[in-house]
Structure formats: structure tokens, C-alpha cells
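Data first, discussion second: the structure below is written as C-alpha cells.
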Amino acid sequence: MTQDQLLGLDESHLILVGRGPHRLTAATAAAFNDMQVAAAYEGFNLQAASSWRSFERQLAIWNGKWRGERPLLDADNRPLDALQLGETERLHAILRWSALPGTSRHHWGTDLDIYDPDCLPAGTRLALEPWEYEAGGWFADLGEWLGDHMSDFGFFLPYAKPLDAAQGVAYEPWHISFALESAEQRLDPDALALCLQQADIEGKACILSHLDEILARYVTAGHTERRIR
């Protein structure tokens, strides 16, 4: 992929999945379709809640959380008031659950957030929080099936439970990645810095002054497959 594609600025490498609105690389789409068929045989309606995401979309998520317009959670899934946090504390609180624009694995077209709409109770909104996929949650059985079978189709969880839940990226049992393509990607830090400098992003000065730390703690830390979120 080109740097613009890794940054979420170019979607020319993607195809429309089904009737839309999801976009993936052709190889990822084919593997996901195969996994959907296998899941259906076991009684699951495996669907994507989110797939490719542009830089601008990730920017809207970031700015909304920075301004306190979107929910922000701590490491234990408890609500935080973004406006009561200092800039550095707010930065790390957002990064626990949401990627810095330009560093999201969703920019690539190799990653999806998945769920089973048939298991979601009527009138209930999908939250994409860990409890939904754990024992007693709506998607616990789906999560168990994926744990046993997704590697057969080339997928893995890039955000498995960290050793220290308070550090780095939070556990995301809904986020799967197609390893054959995603593991090969490498983002140029200089290209990222230039993109952020030119963007209308909240907390820009704080972000740029901590960029090396952000890359080390939230992007390149951990398994090699977890280089970009």
C-alpha cells in the first residue's frame, strides 16, 4: 500500500463489499466472505459493523472525543468527562480506545469490527464494548467461535487483552484483521507528522509534542501484527 492509503487518504485499493457501505481490499473481502459462510453453517449471522474508515472519519471521531461530544471511557469502561482532563491525560484516554487519525488499522481495508445483528436485542444499540463479547454478553458465543476458527481464514485479533489493561490499546474482541495483508504494512512517521500538521485536529500541539511516545505506546508496541490500529 502507498503511504496515502495507509493514512486513510486514498481508497483506490478497495472494493465495495456486497451492497455496501463497507469497503475492503479484495483479498480481505474474499476471506471474510468465506468466514461468513462458515459462520452461517454454525448459526451465526456474521456481519461487519465497521470496515474501511477514512482519515476524515477518524478525525471526526477524534475531535468529537476531544471536545467531549462523544463518549470517553477509562480502562474499566467507566465514563470520563474529557473536558475535566488535562490535555496530556485526555490524549492518552482517547488513545486507549480510538486511534489517532492516520494510524488506524481501519485505514487499510484489512480490518473490520464484527458482530451478529440477530443476537442484538430489539431496541438495543451496538456499543462495541468488551462485555458484549464475553460470558453473558450478546455475542459471547460468536466470540468463542471466532476464537476457535478465525485463524483458519487468516484473521486474528490485533487487540487481544494486554498484560496491563491501563497501558496502551484497550481490549477489542470485535476488531479482526486479515493477517496476510495487514502484517506487512509500515507507516512512515514523517508522512504521519506532515499529515497531522496539515489537519484540522483538536489537540494538535499536544499530539505533535508526544508523537514519538504515541507511536511507541499505541502503534508499534506489542506484537508485530499490531503495528497500526
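Here the sequence shown is numbered in the UniProt record's numbering, starting from 1 and rising by one per residue.
Note that beta-carbon positions come from the ideal geometry of N, C-alpha and C, so glycine has one too.
Please state whether the Cβ-Cβ distance between residue i and residue j is less than 7 angstroms.
i, j, result
"L80", "L91", "no"
"H13", "R53", "no"
"L95", "F55", "no"
"T110", "T25", "yes"
"Y133", "P173", "yes"
"R181", "A30", "According to the sequence as given, residue 181 is Glu; it is not Arg. No."
"G68", "L83", "yes"
"L112", "I176", "yes"
"W131", "G137", "yes"
Just to confirm the assignment, what range does the beta strand (DSSP E) spanning residue i have?
i, result
"I114", "111-115"
"F139", "That residue, F139, is in no beta strand (DSSP E); it is neither H nor E in DSSP."
"F178", "175-178"
Ignore the nearest five residues each way along the sequence and tell me which others in residue i's own chain have a CB closer than 6 angstroms to its CB.
i, result
"F32", "none"
"D118", "N45"
"C195", "L7, G102"
"H22", "A48, S51"
Helix, strand or coil: which one does DSSP assign to residue i?
i, result
"F153", "helix"
"L100", "coil"
"S182", "helix"
"A49", "strand"
"A165", "Note that A165 scores 49 on pLDDT, short of 50, meaning its location in the model is unreliable; the coordinates nonetheless yield the value given after this. Coil at A165, not helix or strand."
"P130", "helix"
"P79", "strand"
"I201", "coil"
"R70", "coil"
"L120", "coil"
"R125", "coil"
"R217", "helix"
"R23", "strand"
"L85", "coil"
Counting along the chain, where does the alpha helix (DSSP H) carrying residue i start and finish?
i, result
"V37", "26-41"
"G64", "55-66"
"D10", "Element bounds for D10: n/a, residue is neither H nor E."
"D188", "That residue, D188, is in no alpha helix (DSSP H); it is neither H nor E in DSSP."
"E213", "211-214"
Excluding five sequence neighbours on each side, which residues of the same chain lie with their C-beta closer than 8 angstroms to the C-beta of residue i?
i, result
"L59", "P101, A199, D200, I201"
"A179", "G154, F155, F156, E225"
"D4", "D10"
"L16", "H22, R23"
Within the 7 angstroms Cβ cut-off, does residue i reach chain E?
i, result
"A29", "Absence of chain E from the displayed structure is noted, only one protein chain being present."
Less than 7 angstroms between C-beta atoms, sequence neighbours within five positions excluded: which residues of the same chain meet that for residue i?
i, result
"M1", "H13, W108, Q185"
"L215", "P189"
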